[in-house]
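Residue numbers (the working numbering), protein chains in the order written: chain S, 568 to 825; chain R, 568 to 825; chain E, 568 to 825; chain L, 568 to 825.
Number of protein chains: 4
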Amino acid sequence: MTVTETQVTLIQIDNYGPWTVSPSPRREPDLQTLQSRLYADLSQLVAHYDGYVFSTRFDNMIAVTNGIDLAGHRRIQTAVRNRYPVTVSLGVATGTSPREAVGEATATLQAAGSAQDSDRTEILRGEPLCEDGSVQIAHFDVNDATGRYTDELNAFDVFRHIDRGYSALLEYMYDAHDSLSFFIGGDNVISVTPSLDRAAFAETIDHVAETAGIELKVGVGRDLTAGDAGMAAKEALERCRNRGTRVEIGTGESAGRA
Amino acid sequence: MTVTETQVTLIQIDNYGPWTVSPSPRREPDLQTLQSRLYADLSQLVAHYDGYVFSTRFDNMIAVTNGIDLAGHRRIQTAVRNRYPVTVSLGVATGTSPREAVGEATATLQAAGSAQDSDRTEILRGEPLCEDGSVQIAHFDVNDATGRYTDELNAFDVFRHIDRGYSALLEYMYDAHDSLSFFIGGDNVISVTPSLDRAAFAETIDHVAETAGIELKVGVGRDLTAGDAGMAAKEALERCRNRGTRVEIGTGESAGRA
Amino acid sequence: MTVTETQVTLIQIDNYGPWTVSPSPRREPDLQTLQSRLYADLSQLVAHYDGYVFSTRFDNMIAVTNGIDLAGHRRIQTAVRNRYPVTVSLGVATGTSPREAVGEATATLQAAGSAQDSDRTEILRGEPLCEDGSVQIAHFDVNDATGRYTDELNAFDVFRHIDRGYSALLEYMYDAHDSLSFFIGGDNVISVTPSLDRAAFAETIDHVAETAGIELKVGVGRDLTAGDAGMAAKEALERCRNRGTRVEIGTGESAGRA
Amino acid sequence: MTVTETQVTLIQIDNYGPWTVSPSPRREPDLQTLQSRLYADLSQLVAHYDGYVFSTRFDNMIAVTNGIDLAGHRRIQTAVRNRYPVTVSLGVATGTSPREAVGEATATLQAAGSAQDSDRTEILRGEPLCEDGSVQIAHFDVNDATGRYTDELNAFDVFRHIDRGYSALLEYMYDAHDSLSFFIGGDNVISVTPSLDRAAFAETIDHVAETAGIELKVGVGRDLTAGDAGMAAKEALERCRNRGTRVEIGTGESAGRA
Ligand SMILES: Nc1nc2c(ncn2[C@@H]2O[C@H](COP(=O)(O)OP(=O)(O)OP(=O)(O)O)[C@@H](O)[C@H]2O)c(=O)[nH]1
Ligand SMILES: Nc1nc2c(ncn2[C@@H]2O[C@H](COP(=O)(O)OP(=O)(O)OP(=O)(O)O)[C@@H](O)[C@H]2O)c(=O)[nH]1
Ligand SMILES: Nc1nc2c(ncn2[C@@H]2O[C@H](COP(=O)(O)OP(=O)(O)OP(=O)(O)O)[C@@H](O)[C@H]2O)c(=O)[nH]1
Ligand SMILES: Nc1nc2c(ncn2[C@@H]2O[C@H](COP(=O)(O)OP(=O)(O)OP(=O)(O)O)[C@@H](O)[C@H]2O)c(=O)[nH]1
Ligand SMILES: [Ca+2]
Ligand SMILES: [Ca+2]
Ligand SMILES: [Ca+2]
Ligand SMILES: [Ca+2]
Chain S
568 MTVTETQVTL IQIDNYGPWT VSPSPRREPD LQTLQSRLYA DLSQLVAHYD
618 GYVFSTRFDN MIAVTNGIDL AGHRRIQTAV RNRYPVTVSL GVATGTSPRE
668 AVGEATATLQ AAGSAQDSDR TEILRGEPLC EDGSVQIAHF DVNDATGRYT
718 DELNAFDVFR HIDRGYSALL EYMYDAHDSL SFFIGGDNVI SVTPSLDRAA
768 FAETIDHVAE TAGIELKVGV GRDLTAGDAG MAAKEALERC RNRGTRVEIG
818 TGESAGRA
Chain R
568 MTVTETQVTL IQIDNYGPWT VSPSPRREPD LQTLQSRLYA DLSQLVAHYD
618 GYVFSTRFDN MIAVTNGIDL AGHRRIQTAV RNRYPVTVSL GVATGTSPRE
668 AVGEATATLQ AAGSAQDSDR TEILRGEPLC EDGSVQIAHF DVNDATGRYT
718 DELNAFDVFR HIDRGYSALL EYMYDAHDSL SFFIGGDNVI SVTPSLDRAA
768 FAETIDHVAE TAGIELKVGV GRDLTAGDAG MAAKEALERC RNRGTRVEIG
818 TGESAGRA
Chain E
568 MTVTETQVTL IQIDNYGPWT VSPSPRREPD LQTLQSRLYA DLSQLVAHYD
618 GYVFSTRFDN MIAVTNGIDL AGHRRIQTAV RNRYPVTVSL GVATGTSPRE
668 AVGEATATLQ AAGSAQDSDR TEILRGEPLC EDGSVQIAHF DVNDATGRYT
718 DELNAFDVFR HIDRGYSALL EYMYDAHDSL SFFIGGDNVI SVTPSLDRAA
768 FAETIDHVAE TAGIELKVGV GRDLTAGDAG MAAKEALERC RNRGTRVEIG
818 TGESAGRA
Chain L
568 MTVTETQVTL IQIDNYGPWT VSPSPRREPD LQTLQSRLYA DLSQLVAHYD
618 GYVFSTRFDN MIAVTNGIDL AGHRRIQTAV RNRYPVTVSL GVATGTSPRE
668 AVGEATATLQ AAGSAQDSDR TEILRGEPLC EDGSVQIAHF DVNDATGRYT
718 DELNAFDVFR HIDRGYSALL EYMYDAHDSL SFFIGGDNVI SVTPSLDRAA
768 FAETIDHVAE TAGIELKVGV GRDLTAGDAG MAAKEALERC RNRGTRVEIG
818 TGESAGRA
């Protein structure tokens with residue numbers, strides 16, 4: 568199996584803060600529409616190259632882009648300019664851990680100027696992977712969220728519980744495992760991880776149960792791209808459901824799948 | 568000034584969990600696209616009646632809908648059915664606190680069946696406000712997020728800091744002030760509150776600084792609809808920026824504005 | 568019944584030609600995406616005030632806007648600026664015939680400068696209706712288009728037939744009846760007309776059958792807004808289907824409907 | 568240079584007519600929104616594989632898909648199902664002329680059942696190209712449309728003139744040159760052609776000037792995919808603008824470009 572080497576791209580809207588209040592504060596639903604459509608488009612654009620984007624802070628999004636070279640990045644950047652009233656800058660880097668990669672991707676963009684420098688526009692910097700490395704994706708899901716939370720508590724309380732579980736997971740995976748974790752809606756969190764084994768996931772699930780009182784299961788996939796690793800993770804998660812297990816690690820390596 | 572009486576609508580995608588894995592798990596970027604476009608559309612649809620929607624968990628969204636009657640809700644529901652492969656159910660309720668309102672809105676929907684009951688589709692239940700009540704919106708923002716975080720730390724660390732500040736704010740505003748707080752991107756959080764005064768906001772800001780180490784400012788607006796209250800809050804926030812203050816409370820009551 | 572008085576808005580993308588080739592020709596699929604999303608958004612924005620927009624040439628769109636005042640127009644204009652890399656100018660006028668109204672709406676915009684003048688941006692001019700007038704909408708549809716064309720001829724030949732029928736209809740309705748006709752997809756054409764009676768529609772259908780060999784039926788509606796008139800027209804068209812008639816004129820006047 | 572061999576895909580919304588009136592007629596702006604968003608998405612999806620889609624009748628769209636295999640088609644089909652309340656069927660075929668290809672693509676779909684057969688869903692049939700063939704794209708544009716039409720006549724009259732020019736061009740290119748021509752907005756028409764030379768285009772422009780009184784120029788490109796051929800055509804069109812010529816034929820063959 569190839570070595571785990573995650574390529575991360577930081578996507579930053581250029582000089583967005585000032586734009587939101589020029590010439591006077593823009594209506595919030597229009598900003599929400601802009602941000603969520605931009606995220607939807609980036610999801611699609613990046614997915615075409617089998618990558619994943621996470622909405623993160625919406626003005627700063629983190630993507631896993633193994634397999635996408637600089638020309639691909641440029642094309643995504645141009646597509647944004649052709650459709651939106653804002654532009655984006657991109658910083659690309661790789662690392663044996665996702666944490667290392669995001670650090671480098673950020674640094675490469677910061678070196679080009681401030682996020683609110685009106686002269687810093689459509690930067691594209693960094694070094695995409697030459698050799699193929701593989702990506703590991705873990706798809707965490709809350710057990711019986713519908714029966715225990717959604718159908719029982721008020722909708723904001725449900726959200727608080729899910730959010731606490733997410734925060735506990737995010738901190739632990741970052742501190743203990745150099746992983747980046749993102750809430751993707753419902754009761755689901757995706758972590759982009761280095762090469763971690765079953766024991767690491769079991770112990771993480773224990774930690775979240777103890778500190779936040781939320782019970783999780785997780786499907787894990789590994790492949791040359793985030794898209795294929797993520798799909799393998801989802802299939803593994805379905806195996807958790809079918810077998811009643813807490814951790815399933817998919818094979819999913821391109822060679823090994825149908 | 569009119570009494571504060573918040574109308575809340577819970578928007579729930581019908582039977583969404585099973586859909587995401589039928590007949591086999593759907594590609595995550597397609598789900599992200601679906602969810603964020605649906606949220607963008609709901610933002611616009613609700614904004615036309617001067618309401619606000621928050622993305623919350625994406626499969627369950629919370630909206631402030633003062634001024635929108637059942638016919639308006641039905642129209643929004645139909646628009647979703649006409650554009651998406653999923654449908655939504657809506658529960659509507661009012662309360663002197665947003666917490667009370669969301670409780671009732673949720674209960675009214677739960678009484679119609681489980682969120683994952685395939686027979687429970689396009690429910691529309693609840694009692695929109697008869698009398699006009701006013702809404703209070705607080706727009707919180709991190710001081711110099713660009714200089715202190717975005718341009719300094721790695722993008723995921725920035726996200727963690729913002730997320731911690733958000734979690735501290737969300738818990739405190741809920742427990743101490745029966746308010747619902749939502750992260751809306753960047754370094755911004757909107758709280759829907761009962762009638763709170765300057766001291767309550769100042770003390771909240773202190774609390775977040777102490778527990779999470781994040782320095783906030785806040786603009787507060789109050790009006791008959793979320794749209795007008797939110798715009799007044801944004802204008803108040805700009806006054807914080809111009810005057811270097813931490814809390815500004817806008818007038819913004821429809822009568823009192825241009 | 569109120570007098571027929573159509574309010575028309577010309578929507579023109581500002582300085583769009585130069586933008587499409589700056590700094591070098593933009594990829595056509597990106598332009599197609601921009602144009603069709605902008606049209607979809609305008610459809611929704613205008614529909615919220617019960618108006619209709621037609622895609623026309625995409626860079627110049629014609630809308631029926633009875634009931635929308637200048638503040639409503641400004642809000643639509645601002646929403647475009649907040650979401651797109653282009654802006655729009657709007658010219659508004661009314662007339663007893665749609666032809667007269669579109670003439671005036673165009674003139675009012677032309678008087679503000681050329682469509683490709685880089686200094687002419689976000690114009691909003693004209694006189695929305697003070698008194699309520701009513702709008703008449705005719706929804707034309709080809710008889711058994713599926714059986715005769717779609718399932719029989721090659722897809723481009725079908726398109727040619729439909730297009731010929733549309734051209735014949737458009738020319739005749741304009742020359743003989745001062746009406747504006749728009750292809751809206753499939754085998755459907757909507758005409759915005761002055762007050763025309765059953766005989767006028769029957770004779771138009773005869774004309775199209777003779778000159779283009781296409782057999783049509785038509786449902787006609789009349790109401791205070793395009794949205795209500797259009798819905799009445801659709802219901803009338805369904806009556807054509809159920810009764811096997813060629814022309815049905817709906818009541819649909821707000822007062823007279825459920 | 569490779570032989571010209573166009574691959575065409577017919578995209579047909581499944582059983583769309585009945586859907587538009589079930590259970591009662593749907594609001595037209597919602598249908599317009601659905602149709603134009605679906606077209607925008609298909610534009611992007613197909614463009615990722617360097618193809619072009621034309622909106623045609625909106626319920627039936629014609630795409631040039633050289634280079635896209637059945638797996639790519641399946642992925643596009645699945646993306647539609649994951650985002651829309653309707654599904655699409657696809658028929659794929661190739662031919663030395665686009666006319667021949669669209670004929671075969673349609674026949675292959677018709678053989679699977681009627682467009683309004685509720686049991687005929689998500690068909691995918693046909694034979695994508697094995698060998699690489701090249702595509703020829705011609706981008707026609709009206710001379711000084713802004714000065715002569717847009718700034719002078721009423722907006723509907725401009726539309727009529729452009730539409731007449733388009734109809735004349737479409738009929739001639741189909742009858743004389745087995746080409747498929749599509750209006751793409753503004754004053755622009757794209758023709759997908761077999762291998763035609765400069766004389767054929769000059770004569771076509773003469774024909775449109777005589778029959779419809781519209782003066783055109785045209786840029787022509789040829790390459791392995793519609794995307795590359797179309798971009799070469801646009802660059803050639805810019806050369807017409809710069810040199811004051813009527814017909815420019817780009818090299819654009821992948822090998823021969825930067
Ligand atoms: N983004 C995303 N959300 C999902 C996915 N699957 C489920 N969800 C969300 O999670 C919510 C809960 O669904 P499930 O996890 O299937 O339901 P559950 O009640 O927790 O049941 P189990 O997980 O089977 O114990 C749904 O409403 C969706 O919002 C997925 O693959 N991606
Ligand atoms: N949703 C939303 N986000 C905003 C708004 N204003 C700013 N932001 C976001 O907040 C980020 C930071 O912008 P600012 O708050 O203007 O910048 P700052 O560096 O924190 O500076 P000050 O707040 O002025 O101290 C931007 O990138 C946006 O993402 C707003 O009105 N709505
Ligand atoms: N825009 C729009 N298109 C429609 C509408 N109704 C039908 N269509 C389109 O018209 C096409 C043909 O549908 P129908 O008109 O129902 O079918 P038909 O075979 O002509 O049958 P009859 O009209 O009942 O004789 C569909 O594929 C749609 O594209 C509508 O209300 N609006
Ligand atoms: N879809 C599309 N439309 C275009 C493109 N270029 C121009 N247009 C449209 O065509 C309209 C007219 O623009 P131009 O053709 O540049 O202007 P013109 O006045 O005809 O000037 P010349 O063509 O230079 O003589 C614009 O408003 C656009 O709608 C293009 O590449 N694609
Ligand atoms: Ca779950
Ligand atoms: Ca800030
Ligand atoms: Ca028909
Ligand atoms: Ca031109």
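In this text, a Cβ means the ideal position worked out from N, Cα and C, and glycines have one as well.
Could you check if residue i is buried or exposed, using at least 16 other CB atoms within 10 Å of its CB as the buried criterion?
i: residue 812 (chain E); result: exposed
i: residue 699 (chain S); result: exposed
i: residue 789 (chain R); result: buried
i: residue 592 (chain L); result: buried
i: residue 779 (chain L); result: buried
i: residue 809 (chain S); result: exposed
i: residue 575 (chain E); result: buried
i: residue 570 (chain S); result: exposed
i: residue 714 (chain S); result: exposed
i: residue 807 (chain S); result: buried
By the DSSP assignment, the alpha helix (DSSP H) with residue i in it spans what residues?
i: residue 809 (chain E); result: 793-810
i: residue 779 (chain R); result: 765-779
i: residue 569 (chain L); result: Premise fails: residue 569 (chain L) is in no alpha helix (DSSP H) and is neither H nor E.
i: residue 689 (chain L); result: Residue 689 (chain L) -> no alpha helix (DSSP H), and no H or E assigned at all.
Secondary structure at residue i, three-state DSSP: helix, strand or coil?
i: residue 653 (chain S); result: coil
i: residue 635 (chain R); result: coil
i: residue 694 (chain S); result: coil
i: residue 720 (chain E); result: coil
i: residue 624 (chain R); result: coil
Does the distance between the C-beta of residue i and the nearest non-hydrogen atom of ligand 5 fall short of 6 Å?
i: residue 712 (chain S); result: yes
Specify, as a first and last residue, the run of the beta strand (DSSP E) that residue i falls within.
i: residue 782 (chain E); result: Element bounds for residue 782 (chain E): n/a, residue is neither H nor E.
i: residue 752 (chain R); result: 747-752
i: residue 758 (chain E); result: 755-760
i: residue 708 (chain E); result: 702-709
i: residue 669 (chain L); result: Residue 669 (chain L) -> not in any beta strand (DSSP E); alpha helix (DSSP H) instead, spanning 665-677.
Give a single yes or no on whether residue i has its beta carbon closer than 6 Å to a heavy atom of ligand 6.
i: residue 686 (chain E); result: no
State yes or no: is the C-beta of residue i nearer than 6 Å to some heavy atom of ligand 3?
i: residue 708 (chain E); result: yes
i: residue 808 (chain E); result: yes
i: residue 606 (chain E); result: no
Residue i and residue j look like a contact to me (Cβ under 8 Å); what is the Cβ gap, rounded to whole Å?
i: residue 634 (chain S); j: residue 753 (chain R); result: That belief does not hold up - the Cβ atoms of residue 634 (chain S) and residue 753 (chain R) are roughly 30 Å apart, past 8 Å.
At a threshold of 6 Å, does residue i count as lining ligand 4 (C-beta to nearest heavy atom)?
i: residue 795 (chain E); result: no
i: residue 718 (chain L); result: no
Please tell me whether, using a cut-off of 6 Å, the distance from the CB of residue i to the nearest non-hydrogen atom of ligand 2 is below it.
i: residue 587 (chain S); result: yes
i: residue 598 (chain S); result: yes
Got a sec: does ligand 7 put a non-hydrogen atom nearer than 6 Å to the Cβ of residue i?
i: residue 730 (chain E); result: no
With hydrogens ignored, establish whether the beta-carbon of residue i is closer than 6 Å to any heavy atom of ligand 8.
i: residue 754 (chain L); result: yes
With a threshold of 6 Å, establish whether the CB of residue i neighbours any heavy atom of ligand 1.
i: residue 651 (chain L); result: no
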